[in-house]
Amino acid sequence: MKLKDIIKASRKISEPYCITDGGKFRLKDIDPDDTAHFTSENKPQAKEALQTGISALCELQDMLYAQDRWGVLLIFQAMDAAGKDGAIKHVMSGINPQGCQVASFKAPSSEDLDHDYLWRCQKHLPERGRIGIFNRSYYEETLVVRVHPEILGKQKVPAKLIGKEVWDNRFKDIRGFERYLTNNGIIVRKFFLNVSRGEQKKRFLERIDNPDKNWKFSATDAAERKYWKDYMHAYEETIRETATKESPWYVVPADNKWFTRVVVAAALIDALASLDLHYPEVGKDKLKELAATKKELLAEK
Ligand code: ATP
Ligand code: MG
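Quick note: the sequence shown uses our numbering, first residue 1, plus one each step.
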């Protein structure tokens, strides 16, 4: 398949999950078990599509790196066991590690809490020419912190600034921050891997029953299930308030890992294809230099 056709196909696969206008977004309209036109019988075809996508990504990333103008920030948010790690690992598997950086954000350290909440994320923004991945991000500030407002109390933000308007201010600031990045050539794409509560339970049980997966399980993750509704509400509102044309959210069905990966790869291809990527042009002098060096090399004994 030619790159042009892969780009076209990727747009078709990812577009239904792309939220550019938050105002219209409702989480209940999205089915976590959706696999578009792929059925479980043609799972092998989906896997093949992923492989094709990955080789296209590799090609696009090579240009992104060589051109050294644009940067790409990919943000992954999800409930536990939704498959963030696996999606990142698979989609990035064919990519040149030099052009890619991953940062994971856990509960903030005391040093982090001595700063504004964007501080720790800003330190990990991708350089031009690179793809930066945030495994969780500043969005936790309107997700886990919203569900557990007591966290807000421990953040050392002056009390006067954490009234009712704190969430609206955070949404506004995040929109502004992402606009700022976009205006500087760092494009932002956000992924919510949308797993169902039932599938999460299944995956937790697997982690408990399979000794090789025991390390992944934490009882606190399971305890968070009590707040499922609150989390879904926080996700919905966050997406409604921060999905824009320039930095959309992809709400990716996550009950079938193989499908999640296809959609994420397709969305990334679509994002890269939206940039005017090309290899740097070589001027006349450089061409002359190349020809002269070639001659010298060939003349070597
Ligand atoms: P993950 O859960 O992402 O797969 P992990 O299990 O290795 O990774 P954890 O130690 O569970 O890592 O850290 C992630 C936890 O940190 C999540 O529960 C998340 O809600 C929490 N967290 C992240 N950012 C913040 C924040 N700004 N404030 C409070 N908690 C946060
Ligand atoms: Mg965890």
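The C-beta atom is built at its ideal place from N, Cα and C for all residues, glycine as well.
Thinking residue i and residue j are a contact (beta carbons under 8 Å), I'd like their distance in whole angstroms, please.
i, j, result
"PHE10", "ALA266", "The displayed chain sequence assigns Ser, not Phe, to residue 10. That pair is a contact at about 4 Å."
"ARG136", "SER104", "6 Å"
"ASN194", "VAL251", "5 Å"
"VAL264", "VAL72", "Wrong, their Cβ atoms sit about 13 Å apart, outside the cutoff."
"GLN200", "ALA81", "5 Å"
"THR142", "THR238", "5 Å"
"ILE75", "VAL144", "With 8 Å as the limit, ILE75 and VAL144 do not qualify as a contact, their Cβ atoms being about 15 Å apart."
"GLY99", "LEU64", "7 Å"
"LEU118", "PHE171", "Going by Cβ atoms, the distance from LEU118 to PHE171 rounds to 13 Å, so no, they are not a contact pair."
"ILE174", "TYR138", "6 Å"
"GLN101", "GLY132", "5 Å"
From residue i to residue j, what distance separates their C-alpha atoms?
i, j, result
"PHE192", "GLN77", "5 Å"
"PRO253", "GLU300", "59 Å"
"SER55", "ILE186", "23 Å"
"ILE162", "PHE134", "26 Å"
"ILE113", "PRO32", "Here the sequence assigns Leu to residue 113, which means Ile is not the residue at that position. Cα to Cα, the separation comes out at about 34 Å."
"LYS164", "ARG146", "11 Å"
"ALA291", "LYS190", "45 Å"
"THR182", "PRO248", "12 Å"
"GLY83", "LEU287", "48 Å"
"ARG197", "TYR279", "45 Å"
"GLU241", "THR293", "56 Å"
"LEU3", "GLU236", "35 Å"
"LEU268", "GLU150", "36 Å"
"THR220", "ASP276", "45 Å"
"GLU296", "GLY86", "49 Å"
"ALA243", "GLY94", "29 Å"
"ARG261", "SER14", "11 Å"
"ASP385", "ALA49", "The displayed coordinates of the chain run from 1 to 301. Any statement about residue 385 would go beyond what the structure contains."
"GLU289", "TRP258", "48 Å"
"ASP255", "LEU60", "29 Å"
"ASP62", "PRO97", "11 Å"
"GLN51", "GLY153", "46 Å"
"LYS245", "TRP167", "21 Å"
"CYS121", "LEU298", "50 Å"
"MET1", "PHE204", "39 Å"
"ALA234", "TRP215", "28 Å"
"SER40", "HIS115", "47 Å"
"LYS8", "HIS148", "42 Å"
"ASP270", "TYR17", "12 Å"
"HIS37", "LYS12", "11 Å"
Per DSSP, what are the beta-bridge partners of residue i in this structure?
i, result
"LEU275", "DSSP output for LEU275 lists no bridge partner at all."
"LEU193", "ALA78, VAL252"
"VAL188", "LEU73"
"ILE88", "Answer by DSSP bridge pairing: none, since ILE88 is not bridged."
"LYS19", "First, the amino acid is wrong: residue 19 is Ile here, not Lys. TRP249."
Discussion item. Please give me, in chain order, every unbroken run of the beta strand (DSSP E) with length at least 3 that falls completely inside the stretch 91-154.
Written reply: The stretch 91-154 contains these whole beta strand (DSSP E) runs: 100-104, 131-135.
Discussion item. Between the stretch 153-164 and the stretch 217-237, can you find at least three pairs of beta-carbon atoms closer than 8 Å?
Written reply: No, because fewer than three Cβ pairs between the stretch 217-237 and the stretch 153-164 fall closer than 8 Å, the two stretches do not touch.
Discussion item. With a threshold of 8 Å, are at least 3 pairs of Cβ atoms found where one atom belongs to the stretch 201-212 and the other to the stretch 124-142?
Written reply: Proximity of the stretch 201-212 to the stretch 124-142 falls short of the contact definition, fewer than three beta-carbon pairs being nearer than 8 Å.
Discussion item. Check whether the stretch 282-295 and the stretch 68-75 touch, using three or more Cβ-Cβ pairs below 8 Å as the test.
Written reply: When C-beta atoms of the stretch 282-295 are compared with those of the stretch 68-75, fewer than three pairs fall below 8 Å, so the two segments do not count as touching.
Practice prompt. Report the residue ranges of all alpha helix (DSSP H) runs contained in full by the stretch 29-81; include only those spanning at least 4 residues, in chain order.
Written response: Those alpha helix (DSSP H) runs which fall completely within the stretch 29-81 and span 4+ residues are 43-67.
Worksheet item: Should the stretch 43-52 be regarded as contacting the stretch 16-30, the criterion being three or more beta carbon pairs within less than 8 Å?
Response: Output reads no: the stretch 16-30 does not touch the stretch 43-52.
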